[in-house]
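Chains as they are written, first to last, in my numbering: chain A, 2 to 148; chain B, 2 to 148.
Structure first, then comments.
Protein chains: 2
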Amino acid sequence: MTKTAESWTEHAFAALAEAGLRKGGARTAVVEALAGHDCAVTALDLDDELRRRRPPVGRASVYRALEQLEQLGLVQRIEVCRGTAGYERIDPAGHHHHHAICRDCGRMIPFEDSKLERAIGQLSKEMDFEVTGHDVVLRGRCERCAD
Amino acid sequence: MTKTAESWTEHAFAALAEAGLRKGGARTAVVEALAGHDCAVTALDLDDELRRRRPPVGRASVYRALEQLEQLGLVQRIEVCRGTAGYERIDPAGHHHHHAICRDCGRMIPFEDSKLERAIGQLSKEMDFEVTGHDVVLRGRCERCAD
DNA sequence: TCCTAAAAGAGAACAAGTCTCAATATCGTT
DNA sequence: AACGATATTGAGACTTGTTCTCTTTTAGGA
């Protein structure tokens, strides 16, 4: 496991405990599975992956865990393609990326940009709205699918 | 009808004709309905609105029309809340806005920001990816729902 | 007016996500 | 260590947004 994934896992367990949640098997399995992915995974992929475990994790538990993790700011939810959500860990150090999604092959290319973050940060302060998160998705075609 | 909505309607019909599409009743109704909304509407809201027309428009036709309009760059599709899409006109002059969505009441607050657009524009040029569109969604709580 | 392909409508089918509820596990308290 | 209140869990039914299928209707050029 990479260093950041490991520290995320610890951070996540700490935050869950902090929130007064007990440590059940299903949620623990979801956290571990998320630690194993470096970019967004869909809930159903996770479900597939965990359904095979001994003991198997139920779909409802996967969704439940993801929702709680999202609420605690531990994972980020993004729309990966028409009507399906992807989930990925949020780096506790605040470092994060966004995605370019290819309309032809569905491939997701992560990127980060400080100017973009700065613009959003400033905007968040100026608006009459309490911003807790943001999504940026670039849509188009990846270099492999370009004409 | 507002000035921009009117010009969008004309622009849309012209683009549809340009694309070699015939002018059927259902698609025309969808275009007119979209012109009547200044911010994103869900497909089902449109369906509801159009189902009551004389003659009524079928759901399949609504989705079909929205997809074509999206393909032609006439409407923009955004995720308004977990798993439901909203559609809104794209101003032919290129002027566009993004949305802040309240996690409590679901209200959508449109905003625009030139710094943000500039950051995205530059990023699009630098990336090894042909960017054709982008979504930005701020999530959090609106001032009415804030503690 | 005729003909052909596009457009449309009804409803079935599908897929992602949610809900229900009974069974189980956690963990502070004794 | 046992107890009990309460959180957690899994199975599967269900809901909801979206797409598909198939037949009928319509637009618009010949």
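Glycine residues also receive a C-beta, built at the ideal position from the N, C-alpha and C atoms.
Taking Thr133 (chain B) as part of the alpha helix (DSSP H), name the residues at either end of that continuous run.
-> On the second sequence, position 132 is the one that residue 133 (chain B) refers to. From DSSP, Thr133 (chain B) is part of no alpha helix (DSSP H) but of the beta strand (DSSP E) over Phe130 to Cys143.
Local conformation of His98 (chain B) per DSSP, three classes | Numbered from 1 along the second sequence, position 97 holds the residue referred to as residue 98 (chain B). Reduced to three states, the DSSP call for His98 (chain B) is coil.
On the DSSP bridge assignment, give the partners of Gly87 (chain A) in chain order.
-> Against the first sequence, residue 87 (chain A) aligns to sequence position 86. Beta-bridge pairing by DSSP links Gly87 (chain A) to A:Thr43 and A:Ile79.
Would you check if the distance between the CB atom of Cys40 (chain A) and the CB atom of Cys103 (chain A) is smaller than 7 Å?
-> Position 39 of the first sequence holds residue 40 (chain A). Position 102 of the first sequence holds residue 103 (chain A). Cβ atoms of Cys40 (chain A) and Cys103 (chain A): not closer than 7 Å.
Between the segment 104–118 of chain A and the segment 19–28 of chain A, are three or more C-beta pairs nearer than 8 Å?
-> These segments do not touch.
Comparing the C-beta of Ala20 (chain A) with each C-beta of chain B, is any distance below 7 Å?
-> Working through the first sequence from its first residue, we reach residue 20 (chain A) at position 19. It does not; no Cβ of chain B falls within 7 Å.
Neighbour list for Phe112 (chain A) in chain B, Cβ cutoff strictly below 7 Å | Translated into positions along the first sequence, residue 112 (chain A) becomes position 111. By Cβ distance, chain B contributes Met128.
Minimum C-alpha distance to Ala36 (chain A) - residue among A:Gly122, A:His12, A:Arg53 and A:Arg55 | As a first step, residue 36 (chain A) must be located in the first sequence, where it is residue number 35. Ranking the options by Cα distance to Ala36 (chain A), first place goes to A:His12.
CB contact check: Arg140 (chain A) to chain B, cutoff 7 Å | As a first step, residue 140 (chain A) must be located in the first sequence, where it is residue number 139. By this cut-off, Arg140 (chain A) is an interface position.
Among A:Ala101, A:Trp9 and A:Leu45, which has the Cα closest to the Cα of Asp129 (chain B)?
-> For the purposes of this step, residue 129 (chain B) is identified with residue 128 of the second sequence, where counting begins at 1. When A:Ala101, A:Trp9 and A:Leu45 are compared, the shortest CA-CA separation from Asp129 (chain B) is found for A:Ala101.
Does the beta carbon of Ala61 (chain A) sit closer than 7 Å to a beta carbon anywhere in chain B?
-> If you number the first sequence from 1, residue 61 (chain A) lands on position 60. No, Ala61 (chain A) lies away from the interface with chain B (no Cβ there is under 7 Å from its Cβ).
By how many angstroms is the C-alpha of Leu75 (chain A) removed from the C-alpha of Ala6 (chain A)?
-> One-based indexing of the first sequence puts residue 6 (chain A) at position 5. One-based indexing of the first sequence puts residue 75 (chain A) at position 74. Those two C-alpha atoms are separated by around 12 Å.
Going by the CB atoms, is the gap between Glu50 (chain B) and Ala34 (chain B) shorter than 7 Å?
-> Sequence index remark: in the second sequence, residue 34 (chain B) carries index 33 (1-based). Sequence index remark: in the second sequence, residue 50 (chain B) carries index 49 (1-based). Contact: yes.
Closest Cβ-Cβ distance between Val132 (chain A) and chain B: below 7 Å?
-> Counting from one through the first sequence, the residue named residue 132 (chain A) turns up at place 131. It does; some Cβ of chain B falls within 7 Å.
Check the Cβ of Gly84 (chain A) against every Cβ in chain B and list those closer than 9 Å, keeping chain order.
-> Taking the first residue of the first sequence as 1, we reach residue 84 (chain A) at position 83. Correct list: Glu80, Gly84, Thr85 and Ala86.
Skipping 5 residues on each side, what residues in its chain have a beta carbon closer than 8 Å to that of Cys82 (chain A)?
-> To locate residue 82 (chain A), count along the first sequence from 1; it is residue 81. Around Cys82 (chain A): Ile102 and Gly107.
Indicate whether at least one CB of chain A lies closer than 7 Å to the CB of Leu45 (chain B).
-> Within the second sequence, the letter at position 44 stands for residue 45 (chain B). Not an interface residue.
Would you please verify whether the beta carbon of Leu117 (chain B) is less than 7 Å from any beta carbon of chain A?
-> Along the second sequence, one-based indexing puts residue 117 (chain B) at 116. Yes, Leu117 (chain B) counts as interfacial toward chain A.
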